[in-house]
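**Q** Quick mapping for you: the protein sequence lines, in order, are chains A and B. Residues in the first sequence are numbered from 1 upward in steps of one, following the UniProt record's numbering. Residues in the second sequence are numbered from 1 upward in steps of one, following the UniProt record's numbering. Just so it is clear, CB atoms sit at the ideal spot from N, CA and C, and this is done for glycine as well. A quick note: this is a predicted structure, and the numbers were derived from the prediction, not measured.
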Amino acid sequence: MTETLVQEPGTEPVKPSRPSGEPLLVVEDLTKHFPVRSGMFGTTGLVRAVDGVSFSVKPGETLGLVGESGCGKTTTGRMLVRLLEPTSGKITFEGKDITHSKGGGLRQLRQDMQIIFQDPYASLNPRHTVGRIVAMPLQVNGINPPGGVKKRVQELLELVGLNPEHYNRYPHEFSGGQRQRIGVARALALRPKIIVADEPVSALDVSIQAQVINLLRELQRELDLAFVFIAHDLAVVRHFCQRIAVMYLGKMVEVGDREQIYERPAHPYTRALLSAVPDVTKLGASGRIRLEGDVPTPLNPPSGCRFRTRCWKAQEKCATEEPPLTVKPNGALAACHFPEEGTIK
Amino acid sequence: MTSTTVAAPVGRSPARAAVRRFRKHPAAVVSLVFIGLVVLAAIFARPLSGHDPNAIDLLSARSGPSGAHLLGTDSTGRDVLSRLLFAGRISLGVGIASAAIAVVVGTLLGSIAGLLGGWVDGLVMRLADVFMSFPSLVVIVVVAGILGPSVLTMVIAIGLFQWPVCGRIVRGVTLSLREQEFVLAARATGAGPLWLMRKHIIPAALPPVSVVATLAVAQAIALEATLSFLGLGVQPPAASWGNMLTDAQSLTVIRSEPWLWLSPGIAVALTVLAVNFIGDGLRDAVDPRSAS
Numbered sequence: 001m002t003e004t005l006v007q008e009p010g011t012e013p014v015k016p017s018r019p020s021g022e023p024l025l026v027v028e029d030l031t032k033h034f035p036v037r038s039g040m041f042g043t044t045g046l047v048r049a050v051d052g053v054s055f056s057v058k059p060g061e062t063l064g065l066v067g068e069s070g071c072g073k074t075t076t077g078r079m080l081v082r083l084l085e086p087t088s089g090k091i092t093f094e095g096k097d098i099t100h101s102k103g104g105g106l107r108q109l110r111q112d113m114q115i116i117f118q119d120p121y122a123s124l125n126p127r128h129t130v131g132r133i134v135a136m137p138l139q140v141n142g143i144n145p146p147g148g149v150k151k152r153v154q155e156l157l158e159l160v161g162l163n164p165e166h167y168n169r170y171p172h173e174f175s176g177g178q179r180q181r182i183g184v185a186r187a188l189a190l191r192p193k194i195i196v197a198d199e200p201v202s203a204l205d206v207s208i209q210a211q212v213i214n215l216l217r218e219l220q221r222e223l224d225l226a227f228v229f230i231a232h233d234l235a236v237v238r239h240f241c242q243r244i245a246v247m248y249l250g251k252m253v254e255v256g257d258r259e260q261i262y263e264r265p266a267h268p269y270t271r272a273l274l275s276a277v278p279d280v281t282k283l284g285a286s287g288r289i290r291l292e293g294d295v296p297t298p299l300n301p302p303s304g305c306r307f308r309t310r311c312w313k314a315q316e317k318c319a320t321e322e323p324p325l326t327v328k329p330n331g332a333l334a335a336c337h338f339p340e341e342g343t344i345k
Numbered sequence: 001m002t003s004t005t006v007a008a009p010v011g012r013s014p015a016r017a018a019v020r021r022f023r024k025h026p027a028a029v030v031s032l033v034f035i036g037l038v039v040l041a042a043i044f045a046r047p048l049s050g051h052d053p054n055a056i057d058l059l060s061a062r063s064g065p066s067g068a069h070l071l072g073t074d075s076t077g078r079d080v081l082s083r084l085l086f087a088g089r090i091s092l093g094v095g096i097a098s099a100a101i102a103v104v105v106g107t108l109l110g111s112i113a114g115l116l117g118g119w120v121d122g123l124v125m126r127l128a129d130v131f132m133s134f135p136s137l138v139v140i141v142v143v144a145g146i147l148g149p150s151v152l153t154m155v156i157a158i159g160l161f162q163w164p165v166c167g168r169i170v171r172g173v174t175l176s177l178r179e180q181e182f183v184l185a186a187r188a189t190g191a192g193p194l195w196l197m198r199k200h201i202i203p204a205a206l207p208p209v210s211v212v213a214t215l216a217v218a219q220a221i222a223l224e225a226t227l228s229f230l231g232l233g234v235q236p237p238a239a240s241w242g243n244m245l246t247d248a249q250s251l252t253v254i255r256s257e258p259w260l261w262l263s264p265g266i267a268v269a270l271t272v273l274a275v276n277f278i279g280d281g282l283r284d285a286v287d288p289r290s291a292s
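1) Pull up the distance between the alpha-carbon of alanine 332(A) and that of glutamine 260(A), whole angstroms please.
2) Would you mind stating whether glycine 114(B) and leucine 175(B) have Cβ atoms separated by less than 7 Å?
3) May I ask you to list the residues that DSSP assigns as paired with methionine 113(A)?
4) Which residues of chain B have a Cβ atom closer than 9 Å to the Cβ of arginine 107(A), listed in chain order?
5) Between the Cα of isoleucine 101(B) and the Cα atoms of Ala274(B), Glu224(B), Ala216(B), which residue gives the shortest distance?
6) Between arginine 152(A) and the rest of its own chain, which residues show a CB-CB distance below 6 Å, the 5 nearest in sequence each way excluded?
7) Could one say the Cβ of asparagine 141(A) lies closer than 7 Å to chain C's Cβ atoms, at least one of them?
8) Between which two residues does the beta strand (DSSP E) carrying glutamate 254(A) extend?
9) Drop a sphere of 10 angstroms on the beta-carbon of glutamine 209(A), count the other beta-carbons inside from all chains shown, and report buried for 16 or more, exposed for fewer.
10) Which bits of chain A does arginine 171(B) rub up against, with CB to CB less than 9 Å?
11) Which residue marks the beginning of the alpha helix (DSSP H) containing phenylalanine 240(A), and which one marks its end?
12) Would you call the segment 195–206 of chain B in contact with the segment 192–211 of chain A, where contact means no fewer than 3 C-beta pairs closer than 8 Å?
13) Give a yes or no on whether the minimum CB-CB distance between arginine 187(B) and chain A is below 7 Å.
14) State the DSSP-derived secondary structure class of phenylalanine 55(A), mapped to helix, strand or coil.
15) Which chain B residues are close to leucine 124(A), counting only those with a beta carbon under 9 Å from its beta carbon?
16) Do serine 54(A) and aspartate 29(A) count as a contact pair if the criterion is CB distance below 7 Å?
17) Could you tell me which residues DSSP pairs with serine 88(A) in its beta bridges?
18) Roughly how many angstroms lie between the CA atoms of serine 111(B) and isoleucine 140(B), to the nearest whole one?
19) Is it true that the segment 266–275 of chain B meets the segment 62–77 of chain B, where meeting means three or more beta-carbon pairs spaced less than 8 Å apart?
20) Within the continuous alpha helix (DSSP H) that includes valine 201(A), where are the two ends?
21) What do you reckon, are the CB atoms on proline 323(A) and cysteine 311(A) nearer than 7 Å?
22) Within its chain, find whatever has a CB closer than 8 Å to the CB of phenylalanine 134(B); leave out the 5 residues flanking it on each side and keep chain order.
23) List, in chain order, every chain A residue whose beta-carbon is nearer than 7 Å to that of proline 203(B).
24) Quick one: what does DSSP say aspartate 52(B) is sitting in, helix, strand or coil?
25) Taking Cβ positions only, does tryptophan 195(B) come closer than 7 Å to chain A?
26) Thinking residue 404(A) and proline 120(A) are a contact (beta carbons under 8 Å), I'd like their distance in whole angstroms, please.
27) Under 7 Å between the Cβ atoms of asparagine 125(A) and phenylalanine 229(B)?
28) Please go through the same chain and pick out, in chain order, the residues whose beta-carbon is closer than 7 Å to the beta-carbon of asparagine 300(A), but skip the five residues on each side of it.
29) Could you name the residues of chain B that phenylalanine 117(A) contacts, counting a contact when the two beta carbons are closer than 8 Å?
30) With a threshold of 7 Å on Cβ separation, who are the neighbours of alanine 135(A) within its own chain once the five nearest residues in sequence on each side are excluded?
31) Assuming valine 160(A) contacts isoleucine 116(A) under a Cβ cut-off of 8 Å, what Cβ separation, rounded to an integer in Å, is found between them?
32) Restricting to Cα atoms, I'd like to know which of Ala185(B), Ile56(B), Leu177(B), Ser98(B) is closest to alanine 238(B).
33) Hey, how far is the Cα of residue 296(B) from the Cα of phenylalanine 131(B)?
34) Between the C-alpha atoms of glycine 93(B) and proline 193(B), what's the straight-line distance to the nearest angstrom?
35) Closer than 8 Å by beta-carbon distance: list the chain B residues that pair up with arginine 110(A), in chain order.
36) With respect to the alpha helix (DSSP H) encompassing methionine 247(A), which residues constitute its N-terminal and C-terminal limits?
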């Protein structure tokens with residue numbers, strides 16, 4: 001079934017995984033500043049939603065983008081699929097600079113890169129049938145697949161584990177998990193090479209989360225998909241992502257492999273984040289790091305290291321000098337002057 | 001191109017619930033029947049009246065209602081019933097045509113303003129403010145004076161003065177839809193503003209717009225009557241409810257020949273009232289929250 005989907009004539013067959021050195025997507029120093037106006041005379045300020053983020057994704061790989069609410073994860077994801085125009089920085093996809101591509105180039109890019117949204121209720125138009133929703137990407141791009149749109153849509157529905165007979169139903173007739181599958185089917189319609197999944201399971205029940213995650217894993221294996229998986233749930237990320245990037249207040253604080261991040265995190269913030277994951281096997285707050293205070297406003301972020309206002313290791317250097325992302329003893333890249341060492345308790 | 005394969009069955013639960021709510025409005029239902037009858041009467045004006053609306057018969061001028069002329073005749077002996085029915089064509093036509101202009105212009109400008117935002121939005125909305133702050137009657141009188149009175153000028157002028165109401169509503173709908181994830185999903189696959197307007201915005205704006213359109217029809221009918229009464233709208237010998245009232249400008253007519261002004265007056269009043277009732281019923285039907 002999926003074999004025919006992948007290798008239908010008339011479209012470029014999905015290439016086998018490239019040698020691991022060549023990344024599919026490279027993001028360099030990406031920033032997004034939103035101007036805000038306040039007061040009568042329009043004193044403008046800048047919300048530094050994303051302030052210099054760099055990472056890369058290899059074909060077929062899953063990169064987890066984690067951080068608290070408001071750290072710029074979603075903004076980053078939306079810049080990747082070009083729903084938001086980056087303020088500065090560079091996005092390279094398959095060796096091509098796509099940061100400001102327009103017209104035909106953007107059209108092609110949109111077929112290669114798709115997005116899944118968080119809220120399975122808001123991401124489907126309640127007035128459209130499932131068939132119409134999943135067919136939309138094909139129609140927008142004027143693609144008429146062999147066998148017709150309807151056949152292709154039904155194949156997609158089957159691929160994500162939905163009954164193809166439900167083609168004419170409306171979103172309200174489905175459960176949250178099923179709706180999210182519809183969203184996945186829509187994202188797959190154009191056969192993307194990479195999918196930005198913006199908290200795809202946060203709005204679902206825990207039992208349904210596992211189903212959707214497993215579906216994404218199967219699809220990844222079958223279709224050789226790469227994912228940028230945005231989430232705040234570290235347990236889900238650990239389950240799904242080979243590499244993890246941790247963001248704090250618009251900055252990347254640590255990037256590394258799953259083992260590096262989860263077992264020997266170098267950045268204090270990563271450590272605090274991980275220690276906050278509830279673990280039923282160890283009830284109580286023994287190894288828990290409690291962060292004081294709130295996340296500072298991105299309108300006026302702290303000087304130097306942005307995490308210093310809440311960091312227990314902060315010293316004078318942290319206020320004056322911004323730590324660069326460098327390789328730390330755990331093997332991961334982290335932005336910290338005084339990195340942590342050793343495995344997590 | 002491929003739309004045949006995705007033809008969605010229309011009119012499932014939401015539409016049916018709206019019909020049910022509309023039917024709970026007795027005034028609206030009665031009005032709908034009444035307007036239906038008015039439309040039919042206007043369409044079948046000739047067989048119903050049995051007279052030529054413009055046939056002059058000086059011998060039987062100013063005669064009261066009788067078997068030959070059910071609603072009497074006017075100062076030149078023309079049959080009032082026949083003129084009333086033919087006038088219905090013009091009045092309803094003007095009302096619907098100018099409301100259609102208002103809705104089309106308002107929907108286009110409102111959705112463009114909402115989708116593009118920025119200076120386009122500012123420009124369109126200031127334009128709407130300008131149109132809304134002018135006394136429309138005075139401007140239309142001036143325009144009719146410059147271009148010469150005609151039905152077409154009147155329709156366009158009325159339509160242009162009514163678009164801001166619709167434009168604002170559509171802009172509001174667009175703004176609330178623009179950040180919805182299903183619209184973002186469409187944009188992420190490459191859908192442009194036109195696609196978003198056709199597939200997402202206009203269908204979502206249709207219920208509130210249909211309410212505004214109905215109310216615009218009522219206003220346009222009243223405005224047409226006003227303009228024609230002033231001699232700036234429909235020109236004699238063509239009949240409209242407004243210019244039929246022109247005949248009744250003297251006190252003697254008002255006192256001694258009531259059939260001349262009663263019938264067109266009642267026709268305008270009842271039609272406008274009925275259309276307004278339908279609009280109210282529609283509003284409650286499409287927006288359950290506003291129902292009492």
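**A** For this structure:
1) For the purposes of this step, residue 332(A) is taken as residue 332 along the first sequence, with counting starting at 1. For the purposes of this step, residue 260(A) is taken as residue 260 along the first sequence, with counting starting at 1. If you take the alpha carbons of alanine 332(A) and glutamine 260(A), they lie about 6 Å apart.
2) Within the second sequence, numbered from 1, the residue matching residue 114(B) stands at position 114. Within the second sequence, numbered from 1, the residue matching residue 175(B) stands at position 175. Yes. Within cutoff.
3) Working through the first sequence from its first residue, we reach residue 113(A) at position 113. Beta-bridge pairing links methionine 113(A) to Ile194(A).
4) Looking up residue 107(A) in the first sequence gives position 107. Here the neighbours are Gly190.
5) The sequence position of residue 101(B) within the second sequence is 101, counting from 1. Nearest Cα to isoleucine 101(B) within the set Ala274(B), Glu224(B), Ala216(B): Ala216(B).
6) Taking the first residue of the first sequence as position 1, residue 152(A) is located at position 152. Contacts found: Pro145.
7) Absence of chain C from the displayed structure is noted, the protein chains being A and B.
8) By 1-based counting over the first sequence, the position of residue 254(A) is 254. Per DSSP, glutamate 254(A) belongs to the beta strand (DSSP E) from 251–257.
9) Within the first sequence, numbered from 1, the residue matching residue 209(A) stands at position 209. Classification of glutamine 209(A): buried, given that the 10 Å Cβ count is 16 or more.
10) Locating residue 171(B) in the second sequence gives position 171, where the first residue counts as 1. Ordered by position in chain A, no residue passes the 9 Å Cβ test against arginine 171(B), which lies about 19 Å from the chain.
11) Counted from its first residue, the first sequence places residue 240(A) at position 240. Element bounds for phenylalanine 240(A): 234–240.
12) no
13) Here residue 187(B) refers to the residue found at position 187 when the second sequence is read from its first residue. Yes, its Cβ sits closer than 7 Å to a Cβ of chain A.
14) Taking the first sequence and counting its residues from 1, one reaches residue 55(A) at position 55. Phenylalanine 55(A) falls in the strand class under three-state DSSP.
15) As a first step, residue 124(A) must be located in the first sequence, where it is residue number 124. Result: Glu181, Phe182, Ala185.
16) Within the first sequence, numbered from 1, the residue matching residue 29(A) stands at position 29. Within the first sequence, numbered from 1, the residue matching residue 54(A) stands at position 54. Yes. Within cutoff.
17) Along the first sequence, one-based indexing puts residue 88(A) at 88. Serine 88(A) pairs with Thr31(A).
18) Locating residue 111(B) in the second sequence gives position 111, where the first residue counts as 1. Locating residue 140(B) in the second sequence gives position 140, where the first residue counts as 1. C-alpha separation (whole angstroms): 26 Å.
19) no
20) Against the first sequence, residue 201(A) aligns to sequence position 201. Note, valine 201(A): premise wrong, no alpha helix (DSSP H); not H, not E.
21) As a position in the first sequence, residue 323(A) is number 323, starting the count at 1. As a position in the first sequence, residue 311(A) is number 311, starting the count at 1. No, Cβ-Cβ distance for proline 323(A) and cysteine 311(A) is not below 7 Å.
22) Taking the second sequence and counting its residues from 1, the one referred to as residue 134(B) is at position 134. Cβ within range, chain order: Phe161.
23) What you label residue 203(B) is simply residue 203 of the second sequence in a count that begins at 1. Ordered by position in chain A, the residues that pass the 7 Å Cβ test against proline 203(B) are Arg127.
24) Within the second sequence, numbered from 1, the residue matching residue 52(B) stands at position 52. Reduced to three states, the DSSP call for aspartate 52(B) is coil.
25) Here residue 195(B) refers to the residue found at position 195 of the second sequence. So yes, tryptophan 195(B) belongs to the interface.
26) Residue 404(A) cannot be examined here, being either before or after the span of chain A that is shown, 1 to 345.
27) The residue given as residue 125(A) occupies position 125 in the first sequence. The residue given as residue 229(B) occupies position 229 in the second sequence. Contact: no.
28) Residue 300(A) sits at position 300 when you count from the first residue of the first sequence. The answer is none, since no qualifying residue turns up.
29) In the first sequence, the residue the question calls residue 117(A) occupies position 117. Those within 8 Å of phenylalanine 117(A) in chain B are Glu181, Leu184, Ala185.
30) By 1-based counting over the first sequence, the position of residue 135(A) is 135. Cβ neighbours of alanine 135(A) beyond the five flanking positions: Val149, Val153.
31) Numbered from 1 along the first sequence, position 160 holds the residue referred to as residue 160(A). Numbered from 1 along the first sequence, position 116 holds the residue referred to as residue 116(A). 11 Å between Cβ atoms; not a contact.
32) Start at 1 with the first residue of the second sequence, and residue 238(B) comes out as number 238. The option with the nearest alpha carbon to alanine 238(B) is Ile56(B).
33) Chain B is shown from 1 up to 292; residue 296(B) falls before or after that span and cannot be answered.
34) Within the second sequence, residue 93(B) is the residue found at index 93, counting from 1. Within the second sequence, residue 193(B) is the residue found at index 193, counting from 1. Those two C-alpha atoms are separated by around 32 Å.
35) On the first sequence, position 110 is the one that residue 110(A) refers to. Within chain B, the residues near arginine 110(A) are Ala188, Thr189, Gly190.
36) To locate residue 247(A), count along the first sequence from 1; it is residue 247. Element bounds for methionine 247(A): not the alpha helix (DSSP H) but the beta strand (DSSP E), 243–248.
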